[in-house]
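Remarks on the structure that follows.
There are 2 protein chains.
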Amino acid sequence: MANAIIYLDPDSELNLQAQIRQKLVDAIVLGTFPEGERLPSSRKLADQLGVARNTVVLAYQQLIDEGYLISRERSGLYVNEKVRENHANFTSAAQPVRELTATWRRRFKGLLTTDQAFAFPHNWQQYPYPFLEGQFDHSLYPVREWREASRLALGVREINEWAGETGDLDDPMLIEQIRTKILPRRGIQARPEEILITVGTQQALHLVVELLVDSSVPVAVEEPGYPGMRRLLAQRGAPLVYQPVDEQGMVVDEKLDDCQIICVTPSHQTPTAVTMSMERREALLARARAQDSLIIEDDYEFESNYLTHPHPALRSIDTDDRVIYVSCLSKVLAPGLRLGFMVAAPEIINEARKLRHLMVRHPPLNNQRTAAFFLSLGHYDTFLMHLYQTFEERWIALRRALNYYMLFYVEMAPAQGGSSLWVRGPEDLDVKYVAEQAAKRGILIEPVDHYYATSNAPKNCFRMGITSIPHERIRDGVLQLRELFHDLTKNKTETFENASGEHLTGQRLKDALEGNTMISIIAYGDPCTIEICPDGLLVGKAGYASEDLDQGKWWIENERWHRQWSRWAWGEVGIYDVRLDGDVIKLFDEDGWLIDRYVAQKEETE
Amino acid sequence: MANAIIYLDPDSELNLQAQIRQKLVDAIVLGTFPEGERLPSSRKLADQLGVARNTVVLAYQQLIDEGYLISRERSGLYVNEKVRENHANFTSAAQPVRELTATWRRRFKGLLTTDQAFAFPHNWQQYPYPFLEGQFDHSLYPVREWREASRLALGVREINEWAGETGDLDDPMLIEQIRTKILPRRGIQARPEEILITVGTQQALHLVVELLVDSSVPVAVEEPGYPGMRRLLAQRGAPLVYQPVDEQGMVVDEKLDDCQIICVTPSHQTPTAVTMSMERREALLARARAQDSLIIEDDYEFESNYLTHPHPALRSIDTDDRVIYVSCLSKVLAPGLRLGFMVAAPEIINEARKLRHLMVRHPPLNNQRTAAFFLSLGHYDTFLMHLYQTFEERWIALRRALNYYMLFYVEMAPAQGGSSLWVRGPEDLDVKYVAEQAAKRGILIEPVDHYYATSNAPKNCFRMGITSIPHERIRDGVLQLRELFHDLTKNKTETFENASGEHLTGQRLKDALEGNTMISIIAYGDPCTIEICPDGLLVGKAGYASEDLDQGKWWIENERWHRQWSRWAWGEVGIYDVRLDGDVIKLFDEDGWLIDRYVAQKEETE
């Protein structure tokens, strides 16, 4: 026996003894270690593997205890033949070629269309600028806290509670935690019998659709909207009414009156991230009440309005149990966990529970108990606070960078938060092409046509998400994206060379700026004014209520305008060539690209 | 502040610091601790709770780090108001009374019938004799090994692999483990694209039914059979053909020819536990091939034929991909985990995967990875070996006890293993009543009418399972059950007092026994002979091939026959009054109950 019967993996997280045991079990069960042959002595195997003899002795002992090996006196260790006996007719012959008859392929019921969901490249983590939404960011995962909760859920007393057959019941501890720690954040008060745990938000939606929708039930969906919901509804043959989305969220009008069910994503509309206004929410509830429709409120994301206070959920202002609220724990924590929940009238929960029992019994109870501990220890709250801060920082950074670098290419849909921005590019932009080109430069952005069911998908819109890109890469990613836009629009973009207007220098430059107020519209739709005070001070005000203020200084050097804000534009010195075109002042950066365009207004006091 | 703001739970598994933190978070989030009020000093709280001051200091510090508390210089600790600000419009007002309008209740689609699944009492663990099947027995759960696998799956490298959005993919490591460690036990070879992980067996069945069945597809099911499958098929409106079950498993005859799908539980038929013979398996496959039907093989239980070798799965002898094999990991390990899988033609797996994606995306990936480690470390094999031994012991014990104590009340269906016995009582038995009465005496047995869809359910059959009752309680449980049967049939049962036949004593007794061979049929249908040798030796042979042999001794004392086997009847001394009725010898125990009935045959040599 010249070769070792097993080899160890130096990168394994298992200790040596566990590895030896694992590999021997493999060899025994798969039959690669011949029956009847004696195992190498512990000394010999230890030598071959380069490990301490005791390590092998302990692994062998464990395998004897467990019945894999038997020790024959004065002869050594052998594979226990009973281990393989229990493997029915294990044949090592190649598998026969089998083929499902063609008839059968035609017999599939309700074959799903090939309308595949949009997917980012599997290796997206290798892209330097992944502007994605909803992907897991491992740097945010609360490893230590989740391990603690998991360890607690594996206590013997706990195992007793979750391991058995519970029929159709959920973990009462998790229900209680959701009821007292999560729902109050959304203004929702619920009794335990109004809550059902689901295998992710998707199962909650599936159950509701199975329960309430068939081909006789017209359903309103948002357009653009969540494709996973549309597909569920299409499977049931429901007639769909596509309701447009404006800056207040889904439009509420008479088209809703035919709909028995209205599906809506009020906190951040999927995919535009627009928050539904309070007036709109009231209007929606009123119309639903008048027509006796039900509302499915998909609150898929954690609460994250960075610019205003959070709005309460629709369900919290619903006085007649008309809203079915659907959300999840795992989307932000770890999508792989698949833990969602729904809150609705007890009658609906009761029926959904029966359906769930028929389909999957219940979501795994060990995960329910782990999540319950995670919540009860306050870790979920802590995690959300951390996430909120992180995403807020990233979201604001993305918004600023787009505003600064891509002002003349893009507009952003009005949003108060969320984890993505809906961006509209120039009219003639072909986003599919741009997204492909961007990917070649390491930038991932999301085309949006899969959010549209009708043929109205704009060709020039895309989404940029912030759940996966580190804060420090955002600015550079946007800069790279601008370079791409520049390259793609080379002959159409205004540069210092080809721009109209007089190149200001000397006193002309000083006069055009000093004492003026410059007015512009920034890329997210808010107005912005900059006062250029004679004493070298800059005062900037952005937003309708001037809620974003900054100060800075300016000076002229080498015939160029220099300015430096304390916060804006990352507090860095900006150096610009200036052209005056009518009453419009144009700023060009050192590469000749147009950076900003202002209407200049002389201060009245002058 | 005379009272403590929180109280500690002496039974909690959390350490004191974690408990203090958890309870304070609760108080803060729920608003029970008034805003603006100062928290008690660490010294004061430590005094109130009776813990070391440092414990409170550390808990406070953690809450400050996490942003729950803020420290105001020279003033103390306060609740950070921002924590509660993030909870939208939390109102403490009582919840409004809401009611789902009556119209809506009528609009539920495909309302599930109230035909509720049979359920054991929730507190079954408090019954001394729970003869149940499929319930979790915590004494068998491999706590240490599962914890180890769980810990490994929570390694940072692992989390990265399972936590994210994987689309519709399963954990490749689990697929590989199932392929190489579980399926070969059943004789099945499968490629990765032939395997799909599901949320328990139930989801596998649901997906197959959704994919292949509608109201135009006749389906054969076993009668009696698994109610969960019938309900799924009924939901799709499938015409059902009820196929009876005999001692070789489901009957294969021309009634199957109309069926496009045949649902079967070959390894142990649900609920009778009969194993389908190899001839029957071949016949089933041949008939399915002739009619181009598909077969759904539900192999819900782990392999456990105690009396014979395991039969290979139908799928392993299926040469044209006609069998969809469904099984699970969690049923025997911990039903609460909900981990099943299916093996089928890649086209079927592919469509089922799309459906699964629409319904739940995928089963939780942390559990998939944990199970993968559990398998790869050999723990699952070890666990099954342990389970096999445990259940074998219990199963044989139950069979023996029924045979010994209840010979005149019951027959058992022929079974080679499994985790329950199908028992037929006297013709006039009303099992519902008996089960109720048994429960009052601490014995749980399972009525069987819920396994029948037709009105043919026998009133006198029941099931006794062994997955939850400790070995040492089985005999006593059966004895208690016999007492119940005695009480219920008081005037109908033969006792020493009322039996016909001559009471043998003295020389008459000796002559009737000595040198005779006594022949009987035991309760599981096998013949049994006992030679009563003149030298005081007993030789017992049971089974058609006399595979169960034992020896013992006999003597007469106080006009009673005494006998003691070395293994049979627990090796205990049995003392019997004897009556001779024609050529039938009847034995009565000391309480006067009939214990055995033999036909006596003089040895020919005599």
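Residue numbers (my numbering), protein chains in the order written: chain C, 1 to 606; chain Y, 607 to 1212.
Even glycine gets a Cβ: it sits at the ideal position worked out from N, Cα and C.
- Per the DSSP secondary-structure output, arginine 463(C) pairs in a beta bridge with Trp422(C), Glu446(C).
- Neighbours of leucine 39(C) in chain Y, taken as residues whose beta carbon is under 9 Å from its own, are absent, since the nearest beta carbon is some 15 Å off.
- Counting along the chain, the unbroken alpha helix (DSSP H) around glutamine 974(Y) starts and ends at 971-982.
- Using a 10 angstroms sphere on the CB of lysine 440(C), the tally of other CB atoms stays under 16, which defines it as exposed.
- Taking the C-beta atoms as reference points, arginine 975(Y) is found no nearer than 8 Å to methionine 835(Y).
- Cβ-Cβ distances below 8 Å link leucine 1090(Y) to Val1040, Gln1043, Ala1044, Arg1047, Ile1049 in the same chain, with the five nearest sequence neighbours on each side left out; the list follows chain order.
- Glutamine 841(Y): not part of any beta strand (DSSP E); member of the alpha helix (DSSP H) spanning 833-841, first to last residue.
- Sequence-distant Cβ neighbours of alanine 334(C) in its own chain, meaning closer than 7 Å and more than five residues away, are Phe136, Tyr141.
- Contacts between tyrosine 226(C) and chain Y, judged by CB atoms closer than 7 Å, are missing: the closest CB pair is about 12 Å apart.
- With a threshold of 16 other beta carbon atoms within 10 Å, glutamate 1033(Y) falls short and is exposed.
- Inclusion of leucine 377(C) and serine 756(Y) in the CB contact set at 8 Å is not warranted, their separation being larger than that value.
- Scanning Asn305(C), Ala273(C), Tyr380(C) for the CA closest to the CA of arginine 144(C) turns up Tyr380(C).
- Taking 8 Å as the CB threshold, valine 143(C) lines the interface with chain Y.
- Every unbroken stretch of the alpha helix (DSSP H) spanning 4 or more residues and falling wholly within the region 868-936 of chain Y is given here in chain order: 884-897.
- One thing to note: valine 1037(Y) has its Cβ no nearer than 8 Å to the Cβ of valine 1016(Y).
- In the three-state scheme derived from DSSP, where H, G and I count as helix and E and B as strand, histidine 968(Y) is classed as coil.
- With contacts defined as CB atoms closer than 8 Å, alanine 413(C) and threonine 272(C) qualify as a contacting pair.
- In its chain, beyond the 5 residues on either side, Phe1194, Gly1198, Trp1199, Leu1200 have a beta carbon closer than 8 Å to the beta carbon of threonine 1101(Y).
- Rounded to whole angstroms, the Cβ separation of arginine 338(C) and proline 970(Y) is 5 Å, and the two are in contact under 8 Å.
- Between arginine 579(C) and leucine 504(C) a beta carbon distance of about 7 Å is seen, short of the 8 Å cut, so the two are scored as contacting.
- Residues of the region 248-261 of chain C with a C-beta atom less than 8 Å from some C-beta of chain Y are Gln260, listed in chain order.
- Segment contact: the region 348-359 of chain C against the region 200-220 of chain C, three or more CB-CB distances shorter than 8 Å; contact assigned.
- Residue contact with chain C for leucine 1085(Y): absent (no Cβ-Cβ distance below 8 Å to any residue of chain C).
- Arginine 186(C) sits close to aspartate 299(C), with the two beta carbons spaced by under 8 Å.
- Straight through space, the alpha carbons of proline 346(C) and valine 264(C) are spaced by roughly 21 Å.
- A residue is called buried once 16 or more other Cβ atoms fall within 10 Å of its Cβ, and asparagine 621(Y), having fewer, is exposed.
- Interface flag for serine 376(C) against chain Y is set, since a Cβ pair is found closer than 8 Å.
- According to the DSSP assignment, methionine 406(C) belongs to no alpha helix (DSSP H), since it is labelled neither H nor E.
- Inter-residue distance for leucine 758(Y) and valine 156(C) is about 19 Å (C-alpha atoms, whole angstroms).
- Between the region 10-29 of chain C and the region 55-71 of chain C, the count of Cβ pairs shorter than 8 Å is three or higher; the stretches touch.
- Taking the Cα positions, arginine 797(Y) is about 9 Å away from valine 949(Y).
- Put simply, the CB of arginine 231(C) is near chain Y, with a gap under 8 Å to one of its CB atoms.
- Between the region 443-453 of chain C and the region 380-391 of chain C, the count of C-beta pairs closer than 8 Å stays below three; the two stretches do not touch.
- The count of Cβ pairs closer than 8 Å, one atom from the region 526-543 of chain C and one from the region 561-570 of chain C, reaches three, so the stretches are in contact.
- Look at the region 263-277 of chain C: it has no residue with a C-beta under 7 Å from a C-beta of chain Y.
- Close to aspartate 214(C), with beta-carbon spacing below 7 Å, are these residues of chain Y in chain order: Lys715.
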